[in-house]
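Remarks on the structure that follows.
In the numbering used here, the protein residues as written are 114 to 410.
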């Protein structure tokens, strides 16, 4: 990787940040040795393993450059692809994602679930990428300012960037067979991915307008309760059924109560969202640029 950056005349200053996610194989000591020899090597040591999202978040928070490149340390990504990804940013993109079109992984346990996940994520988020799972991506730093990663949400960084007004591109990259270690990704992680997709879909629809999201569900339930009530009245007056002979009155009460709960949930979520934006000092929008203001450079 160091050779790749040294060979690029356009990249005059750079730093290489490594995150030791609580490793026990001695790799942390080797990274410290590299850092002692060359100040361009930066090392972050976690006290224990916090997961890939936390590791990427730490690297992003400590990065000082205007362009941030993220990649795994499993040696499957090719650092030689980095210059082309960076150059693609000049075409107006804020994010350029790698696409492992010719993957060197097992088809049934890795490639097939990945294809399905990419298809579902693209359609759920309206951010169409072939390979969300490829960590090799290039970002303009400002597009990552408001990104907070938790759980296993690192694969959705391009989605967050797009929601923040960023332009997302994609470029085919090389992919190597895995020669060291064992991948933790496979069919067993599919339920987690499905839950993450649901969470991202919810955040897209409701994070800045929860009262509308939950309130709409509440109104639908009120509508169903009203229809059930009409049905109960029709059964009583035209079919000679008493309320005790049909479950419809109970259904009316149940739907009404659940509808009220959804309305209250939306109100509570609205208060929490507004409190979050105010306490964090974060506006509910993202600026690309400004003109003729005192702070403009």
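The beta-carbon is built from N, C-alpha and C at its ideal position, and this holds for glycine as well.
Annotation: residue 142 to residue 170 spans about 22 Å, alpha carbon to alpha carbon. Under DSSP, residue 158 forms a beta bridge with 133.
Secondary structure note for residue 195: its alpha helix (DSSP H) is the uninterrupted segment 195 to 201.
Three or more beta-carbon pairs separated by less than 8 Å link the segment 283 to 291 to the segment 192 to 200, which places the two stretches in contact. If you compare the alpha carbons of 325, 352 and 316 with that of residue 377, the shortest gap goes to 325. The beta carbon of residue 144 sits closer than 8 Å to those of 131, 133, 154 and 156, all from its chain and outside the five residues before and after it, given in chain order. At least 8 Å separates the beta-carbon of residue 265 from that of residue 213. Pairing residue 180 with residue 202 gives a Cβ-Cβ distance under 8 Å. Contact annotation: residue 256 and residue 230 have beta-carbon atoms that are not nearer than 8 Å. Note: residue 175 is not bridge-paired with any residue in the DSSP secondary-structure output. One thing to note: residue 283 has its Cβ within 8 Å of the Cβ of residue 243.
Spanning the alpha carbons of residue 349 and residue 272 requires a straight line of approximately 53 Å. Using a C-beta cut-off of 8 Å, the segment 330 to 346 makes contact with the segment 366 to 386, since at least three inter-stretch Cβ pairs fall below that distance. Residue 243 sits in coil when the DSSP states are folded into three classes, being neither helix nor strand. About 6 Å separates the beta carbon of residue 250 from that of residue 211, a gap short enough to meet the 8 Å contact definition. Per the coordinates, the alpha-carbon of residue 356 lies some 51 Å from the alpha-carbon of residue 392.
For residue 166, the CB contacts under 8 Å within the same chain, skipping 5 residues up- and downstream, are 262, 263, 264, 265, 266 and 267 in chain order.
DSSP, reduced to helix, strand and coil, places residue 255 within a helical segment of the structure shown. Annotation: the continuous alpha helix (DSSP H) that includes residue 272 extends over 270 to 276. Taken atom to atom, the span from the alpha-carbon of residue 245 to that of residue 227 is near 8 Å. Here residue 269 is buried, its C-beta having at least 16 other C-beta atoms within 10 Å.
When C-alpha distances from residue 158 are compared across 136, 236 and 183, the shortest belongs to 136. Here residue 369 really is in contact with residue 338; their C-beta atoms are around 5 Å apart, less than 8 Å. Secondary structure note for residue 229: its alpha helix (DSSP H) is the uninterrupted segment 225 to 238.
In the structure shown, residue 125 falls within a coil segment according to DSSP collapsed to helix, strand and coil. Across the structure, residue 233 and residue 208 are spaced so that their CA atoms are roughly 20 Å apart. Under DSSP, no beta-bridge partner is assigned to residue 140.
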